[in-house]
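All remarks here apply to the structure that follows.
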Amino acid sequence: MIKPLLYLTLALLLSACATKTAPNKWQYESASSFDSYKTNFLSSKDALAKTDLNRALEHAKVSSDIKSLATIYLGECALNISVGQTSKCPKYEVIKDIVDDITLDAYFSLLTSKLTSAQIQLLPKIYQNFVWHVESLEFKSANEDILNMEAITSQLLAASLIKENLTNATREKLLERASFYGYKKAVLFW
Numbered sequence: 009m010i011k012p013l014l015y016l017t018l019a020l021l022l023s024a025c026a027t028k029t030a031p032n033k034w035q036y037e038s039a040s041s042f043d044s045y046k047t048n049f050l051s052s053k054d055a056l057a058k059t060d061l062n063r064a065l066e067h068a069k070v071s072s073d074i075k076s077l078a079t080i081y082l083g084e085c086a087l088n089i090s091v092g093q094t095s096k097c098p099k100y101e102v103i104k105d106i107v108d109d110i111t112l113d114a115y116f117s118l119l120t121s122k123l124t125s126a127q128i129q130l131l132p133k134i135y136q137n138f139v140w141h142v143e144s145l146e147f148k149s150a151n152e153d154i155l156n157m158e159a160i161t162s163q164l165l166a167a168s169l170i171k172e173n174l175t176n177a178t179r180e181k182l183l184e185r186a187s188f189y190g191y192k193k194a195v196l197f198w
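9 is the number of the first residue of the sequence shown in this note's numbering; add one for each residue after it.
Take a look at the structure:
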């Protein structure tokens, strides 16, 4: 009688441990949904993109970490800008005063063309040389910086920020790479 009771207790204990939610599962779910959103948005799969964005926002709102929500809002804004859609990042504007993160503010300033020289060092490393070259009006170097960026989404964003000073060679390489990934929106914009 003791053995079956021991097995039952052990089984209940193991099943209780197995059903616990990981403490930061919402972060993984939010990031995964946002990655799916990026792909579907750039591929012109608008219905799927909208669903993915809503799912990413829902997961981010599970936590009291407003920074995750702000990051999604800025990411959405950046994607819109990267395909030629005018955006002043209105969703981020609403919450920016309570976010209190200088790196997100610097990225927001980059997206809205209000970046100061002091903010450049707060940007993600991938954009810093590019921005310094743009600030110095060294557009040939800025075009090279764009092509040296690993992420296609970063390339598309940077290129859209200097689209008037983009070389034809850079534009062709962006078109080729966006086409390779199946990013229809980006191809149509460029």
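Backbone N, C-alpha and C fix where the C-beta goes; we use that ideal spot for every residue, glycine too.
This one's a predicted model, so the numbers in the text were calculated from it and none came from an experiment.
If you check the CB distance, leucine 123 and isoleucine 110 do not come in under 8 Å. Straight across, the Cα-Cα distance linking threonine 59 with alanine 186 is about 23 Å. Residue environment analysis places phenylalanine 49 among the buried positions, since at least 16 neighbouring C-beta atoms fall within 10 angstroms of its C-beta. A direct Cα-to-Cα measurement between leucine 169 and phenylalanine 42 gives close to 22 Å. A direct Cα-to-Cα measurement between histidine 141 and serine 149 gives close to 6 Å.
Two segments are said to touch when three or more pairs of C-beta atoms, one from each, lie closer than 8 Å; by this definition the stretch 89-96 does not touch the stretch 59-69.
When only Cα atoms are considered, serine 90 and alanine 194 end up about 7 Å apart. Under the Cβ criterion (8 Å, minimum of three pairs), the stretch 101-121 counts as touching the stretch 67-77. Looking only at Ser162, Gln127 and Met157, the smallest Cα-Cα distance to alanine 86 is reached by Ser162. With contacts defined by Cβ atoms closer than 8 Å, leucine 82 and tyrosine 115 form a contacting pair.
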